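Q:
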Amino acid sequence: MWYLNRGGGLDMNVIPAWMEGITGKGAVVTILDDGLEKDHPDLVQNYDPLASYDVNGQDSDPSPRYDMIDSNRHGTRCAGEVAATSNNSVCALGVAHGAQVGGVRMLDGDVTDAVEARSLSLNPHHIDIYSASWGPDDDGKTVDGPGELATRAFIEGVTKGRNGKGSIFIWASGNGGRDHDNCNCDGYTNSIYSLSISSATEHGHVPWYSEACSSTLASTYSSGAVGERQVVTTDLRHSCTSSHTGTSASAPLAAGICALALEANPNLTWRDMQHIVVRTARPQNLIAPDWQTNGVGRNVSHSFGYGLMDAYAMVQLARNWITVPEQHKCEIPAPHLLKPIPAKSVVVLQLQVKECEGVEVLEHVQAKLTIFSQRRGDLNIQLTSPMGTRVTLLAHRAHDNSRSGFNVWPFMSVHSWGESPFGTWQLEIHNDGRLLAQVKTWQLTLYGTTTPPAYDLHKKVGGFPSSYNDDIFHNSIDDSSSNWRMVESVTRTKCYTKTLAYSDARRNSTIAYWISLVILLVPKGTKLA
């Protein structure tokens, strides 16, 4: 399990959290997928029937349907990443091996709006985290999102779930990179209600399947090129695998890390969790051409979000976290438009934001666009914030020949997190094809708070947070040592520094214990660092 025990900033920093006794105890995670082998010897101890249901079969047993090719193995694999049991020498070791895990069988049948809504709203006062590794077709031409019922389930979840603290929805960002897909065309992973997770290869590169988009919040390790290691987890028929792959494997790792943070502080809200991820994710050792520093000094990328999730940093920050201020929302519509975008041209539109109904510190930014296009895949859309952060809301999609355009589609960005909304926002719509397009309407929807979170107040300068370049968990990606280290698809169907209280000798022996435990639980023949 190389992604847990490499050290040197080249893993997700889970073992130091375990060393302090944080294993996810008290947290409940459910896997929304194709079923869960509840009697698997590495899952049975942590299996939670109250977090499980068979929506496809309309009964309480989430067990998968077995066939000759084990096509319904996906959910069982995801569950093991979260909560495979410790100290049993069976298979793997879950990131949150003290948490309870359940499964919802909902992908092995017609995935309707009602099926999705029923799954997203299962037992919301008992389940803390819902992990989903599915979405619309990753074919580079689909634009789709949750229907009316599923959208209502998301909203009910974040407003009422967990007794008002909000359900935490963790979503894989998608595996359509080979087809030049863009996760901003996926209404599940680009929702403000989901914590969108991408992947990094073992060597810190952008995987071939990765979809670059501005809604990705952070990344975890997963599979990469031939020769790079994959994810170790449980498999069907009481077996194990060392070949779980894609962003499908990344989302459950993120869910497990969030479960660790919830044990450290069960009072975290759904927005607290997103804030903590933004502040602790590490850009170091992740290699992408588009890293930029946003207006408050945080490094962010379309491929990796704010970087690799750091379990120990999240736990440390969660322990003393003060709930973020109330979320506000303001909408700024543009004047009525019917502006043509001729072939091989660009239209530049601007909106001035002078006041924003309680939003002075940004979280999520949506640009809702209605665009007619004779070939949707020819469009390329960029948005620049008043503080100069430029994001690609939509890149070219070579396979998208649709004439449907976009109808009030909410392109979402997290790249301006912490910035001020005031000033000029600039939207650029490039039509690089040979056919006509036309922008009909656009508006900005800005989410955020009146004041910064309490964690940021000590950095406040002149009424607004100063640069985060000195953030110990989110400093520059420049590596002065130049010591760079080179991170399954389903159809349609989210600190305070503290010195360890160990002497060096005790600390080293404890680390050795955990590493030996990880090695012990890896399937025979799996290569470790």
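For the sequence shown, the positions run 8 to 536 when my numbering is used.
Heads up, the beta-carbon is just placed ideally off N, CA and C, and yes, glycines get one too.
From a predicted model like this one, the values you see are computed outputs, not experimental measurements.
(1) To the nearest angstrom, how far is it from the Cα of Gly532 to the Cα of Ala91?
(2) How big is the Cα-Cα spacing for Leu401 and His81?
(3) How is Lys375 classed by DSSP in three states: helix, strand or coil?
(4) Assign His132 to one of two classes, buried (16 or more other C-beta atoms within 10 Å of its C-beta) or exposed (fewer than that).
(5) Count the other CB atoms within 10 Å of the CB of Ala24; is the residue buried (16 or more) or exposed (fewer)?
(6) Using the Cβ count rule (16 or more neighbours within 10 Å means buried), how would you classify Asp74?
(7) When you compare the CB positions of Cys1 and Asn170, do they come within less than 8 Å of one another, or not?
(8) Which runs of the alpha helix (DSSP H), 4 residues or longer, sit entirely within the segment 287-332?
(9) In chain order, what residues of the same chain lie with their CB nearer than 7 Å to the CB of Ala405, ignoring the 5 residues before and after it?
(10) Starting from Ala139, trace the beta strand (DSSP E) in both directions and tell me its first and last residue.
(11) Is Gln537 near Thr452, with beta carbons less than 8 Å apart?
(12) Could you pull out every residue in the same chain whose Cβ sits closer than 6 Å to the Cβ of Asn20, ignoring the five residues on either side in sequence?
(13) Ile162: buried (16+ other C-beta within 10 angstroms of its C-beta) or exposed?
(14) Is the segment 33-47 touching the segment 201-215, taking contact as three or more C-beta pairs under 8 Å?
(15) Would you kindly work out how many angstroms separate the C-alpha atoms of Asn306 and His251, rounded to a whole number?
(16) Taking only runs that begin and end inside the segment 349-402, name each unbroken beta strand (DSSP E) of 3 or more residues, in chain order.
(17) Does Val165 come out as helix, strand or coil in the three-state DSSP assignment?
(18) For His282 and Glu235, what's the separation of their Cα atoms in angstroms?
(19) Quick one, which of Ser392, Gln450, Ala266 has its alpha-carbon nearest Asn414's?
(20) Considering only C-alpha positions, which residue in the set Gln237, Ile204, Tyr137 is nearest to Ser222?
(21) How big is the Cα-Cα spacing for Glu285 and Leu324?
(22) How about Val89 and Pro273: do their beta carbons lie closer than 8 Å?
(23) Within the continuous beta strand (DSSP E) that includes Trp432, where are the two ends?
(24) How is Asn12 classed by DSSP in three states: helix, strand or coil?
(25) Starting from Met75 and walking both ways along the beta strand (DSSP E), at which residues does that stretch end?
(26) Can you check whether the CB of Arg112 is closer than 8 Å to the CB of Asn63?
(27) With a Cβ-Cβ cutoff of 8 Å, do Val322 and Ile29 count as a contact?
(28) Fully enclosed by the segment 17-72, which alpha helix (DSSP H) runs are 4 residues long or longer?
(29) Counting C-beta neighbours from all protein chains within 10 Å, is the total for Val353 16 or more, i.e. buried, or is it exposed?
(30) From the DSSP secondary-structure annotation, give me the bridge partner or partners of Ala207.
(31) DSSP state of Asn408, grouped into three classes?
(32) Tell whether a beta-carbon distance below 8 Å holds between Ser206 and Ser226.
(33) For the alpha helix (DSSP H) containing Cys265, list its first residue and its last residue.
(34) Please classify Arg236: does DSSP put it in a helix, a strand, or coil?
(35) DSSP on Leu202, reduced to helix/strand/coil?
(36) DSSP has Ala121 in a bridge; who is on the other side?
A: In short:
(1) Here the question's residue 532 lines up with position 525 in the sequence shown. Here the question's residue 91 lines up with position 84 in the sequence shown. A caution first: Gly532 carries a pLDDT of 41, below 50, which makes its placement in the model unreliable, though a value can still be read off. Distance between the alpha carbons of Gly532 and Ala91: 19 Å.
(2) For the purposes of this step, residue 401 is identified with residue 394 of the sequence shown, where counting begins at 1. For the purposes of this step, residue 81 is identified with residue 74 of the sequence shown, where counting begins at 1. Those two C-alpha atoms are separated by around 29 Å.
(3) Taking the first residue of the sequence shown as 1, we reach residue 375 at position 368. Of the three classes helix, strand and coil, the one that applies to Lys375 here is strand, per DSSP.
(4) Taking the first residue of the sequence shown as position 1, residue 132 is located at position 125. The residue in question, His132, is exposed, as its Cβ has fewer than 16 Cβ neighbours within 10 Å.
(5) Within the sequence shown, numbered from 1, the residue matching residue 24 stands at position 17. By the 10 Å Cβ count, Ala24 comes out buried.
(6) As a first step, residue 74 must be located in the sequence shown, where it is residue number 67. Per the 10 Å Cβ criterion, exposed.
(7) For the chain, the structure presents residues 8 to 536; residue 1 sits outside this window and is missing.
(8) 318-326
(9) Residue numbering aside, residue 405 sits at position 398 when the sequence shown is read from its first letter. Same-chain partners within the cutoff: Gly147, His187, Gly384.
(10) As a first step, residue 139 is located in the sequence shown; it is residue number 132 there, counting from the start. Per DSSP, Ala139 belongs to the beta strand (DSSP E) from 136-139.
(11) A query on residue 537 cannot be resolved here, the shown segment of the chain reaching from 8 to 536 and no further.
(12) Counted from its first residue, the sequence shown places residue 20 at position 13. Cβ neighbours of Asn20 beyond the five flanking positions: Asp317, Ala318, Tyr319.
(13) As a first step, residue 162 must be located in the sequence shown, where it is residue number 155. Looking at its Cβ environment, which holds fewer than 16 other Cβ atoms inside 10 Å, Ile162 is exposed.
(14) no
(15) If you number the sequence shown from 1, residue 306 lands on position 299. If you number the sequence shown from 1, residue 251 lands on position 244. If you take the alpha carbons of Asn306 and His251, they lie about 29 Å apart.
(16) 352-360, 368-380, 386-391, 397-401
(17) Working through the sequence shown from its first residue, we reach residue 165 at position 158. Val165 falls in the helix class under three-state DSSP.
(18) Within the sequence shown, residue 282 is the residue found at index 275, counting from 1. Within the sequence shown, residue 235 is the residue found at index 228, counting from 1. His282 and Glu235: Cα-Cα distance of roughly 31 Å.
(19) Position 407 of the sequence shown, counting from 1, holds the residue named residue 414. Among Ser392, Gln450, Ala266, the Cα nearest to that of Asn414 is on Gln450.
(20) Within the sequence shown, numbered from 1, the residue matching residue 222 stands at position 215. The option with the nearest alpha carbon to Ser222 is Ile204.
(21) Taking the first residue of the sequence shown as position 1, residue 285 is located at position 278. Taking the first residue of the sequence shown as position 1, residue 324 is located at position 317. The identity of residue 285 in the sequence shown is Val, whereas the question assumes Glu. So the alpha carbons of these two residues sit roughly 11 Å apart.
(22) The residue given as residue 89 occupies position 82 in the sequence shown. The residue given as residue 273 occupies position 266 in the sequence shown. The answer is no: Cβ separation not under 8 Å.
(23) For the purposes of this step, residue 432 is taken as residue 425 along the sequence shown, with counting starting at 1. Element bounds for Trp432: 430-438.
(24) Your numbering for residue 12 matches position 5 in the sequence shown. Helix at Asn12.
(25) Taking the first residue of the sequence shown as position 1, residue 75 is located at position 68. No beta strand (DSSP E) contains Met75, which DSSP labels as neither H nor E.
(26) Numbered from 1 along the sequence shown, position 56 holds the residue referred to as residue 63. Numbered from 1 along the sequence shown, position 105 holds the residue referred to as residue 112. Contact flag set, yes.
(27) For the purposes of this step, residue 322 is identified with residue 315 of the sequence shown, where counting begins at 1. For the purposes of this step, residue 29 is identified with residue 22 of the sequence shown, where counting begins at 1. Yes, these two residues count as a Cβ contact at 8 Å.
(28) 22-26
(29) Taking the sequence shown and counting its residues from 1, the one referred to as residue 353 is at position 346. Exposed, because fewer than 16 other Cβ atoms sit within 10 Å of the Cβ of Val353.
(30) The count along the sequence shown starts at 1 and reaches residue 207 at position 200. Ala207 pairs with Tyr228.
(31) Translated into the one-based positions of the sequence shown, residue 408 becomes position 401. Note: Asn408 maps to coil in three-state DSSP.
(32) Walking along the sequence shown from the start, residue 206 turns up at place 199. Walking along the sequence shown from the start, residue 226 turns up at place 219. In this structure, Ser226 lies closer than 8 Å to Ser206 by Cβ.
(33) For the purposes of this step, residue 265 is taken as the residue at position 258 of the sequence shown. From DSSP, the alpha helix (DSSP H) with Cys265 extends over 253-271.
(34) The residue labelled residue 236 in the question sits at position 229 within the sequence shown. It is coil, neither helix nor strand.
(35) The residue labelled residue 202 in the question sits at position 195 within the sequence shown. Three-state DSSP puts Leu202 in a strand.
(36) Position 114 of the sequence shown, counting from 1, holds the residue named residue 121. DSSP, once it has assigned bridges, lists no residue as partnering Ala121.
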